[in-house]
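Structure, as structure tokens:
In the numbering used here, the protein residues as written are 248 to 401.
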């Protein structure tokens with residue numbers, strides 16, 4: 248086979264994830280920067296809540312980039328990237344964009360394939376992780392309720 252059809256995350260799907268993430272950020276009382284990238288790691292949608300840290304904008308984008316590009320949550324690297332760890336120095340890859348602390352998750356389709364990534368920053372890594380999980384959960388609830396037509400919208 249010379250070509251392959253790939254399911255893509257749409258702007259509509261990204262907005263659903265951002266809305267759920269913003270709601271969670273408000274619940275925990277921390278304004279966030281929230282980024283959604285597509286499966287190719289390019290920015291699809293971004294939200295900067297009013298009191299989110301300016302310096303966290305690129306961090307949120309890089310968390311989404313890492314989660315989509317490496318196909319796993321950024322929180323999973325914590326123990327591997329310290330001196331002597333099996334992935335020591337990984338954070339210096341990809342022009343320094345590879346993020347190795349919590350707050351980034353891949354977005355998967357119903358077949359477990361990466362269709363995007365979500366990253367949040369301004370809070371602690373645990374708070375950022377809560378916010379991105381809310382976005383992923385919102386998309387998953389739509390995917391699990393829908394038919395093939397609903398999946399295509401995301």
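From the three backbone atoms N, C-alpha and C, an ideal C-beta is built for every residue, glycine too. Source: prediction; values computed, not measured.
Do residue i and residue j have their C-beta atoms closer together than 8 angstroms?
i	j	result
residue 373	residue 268	no
residue 390	residue 264	no
residue 378	residue 306	no
residue 380	residue 355	no
residue 312	residue 364	yes
residue 347	residue 321	yes
With DSSP collapsed to three states, give me the class of residue i.
i	result
residue 312	helix
residue 386	helix
residue 397	Any reading at residue 397 needs caution, since the residue's pLDDT is 35, under 50, leaving its predicted position unreliable; the model's value is listed next. If DSSP states are grouped into helix, strand and coil, residue 397 belongs with the helices.
residue 256	coil
residue 391	helix
residue 266	helix
residue 298	coil
residue 287	coil
residue 198	What is shown of the chain runs 248 to 401, which leaves residue 198 out entirely.
residue 358	coil
Can you name the residues that DSSP bridges to residue i?
i	result
residue 293	282
residue 368	280
residue 353	364
Determine the burial state of residue i: buried for a count of at least 16 other Cβ atoms within 10 Å of its Cβ, exposed for fewer.
i	result
residue 331	exposed
residue 289	exposed
residue 362	buried
residue 376	buried
residue 326	exposed
Please look up how many angstroms separate the CB atoms of residue i and residue j, rounded, as I've assumed it's under 8 angstroms.
i	j	result
residue 304	residue 318	24 angstroms between Cβ atoms; not a contact.
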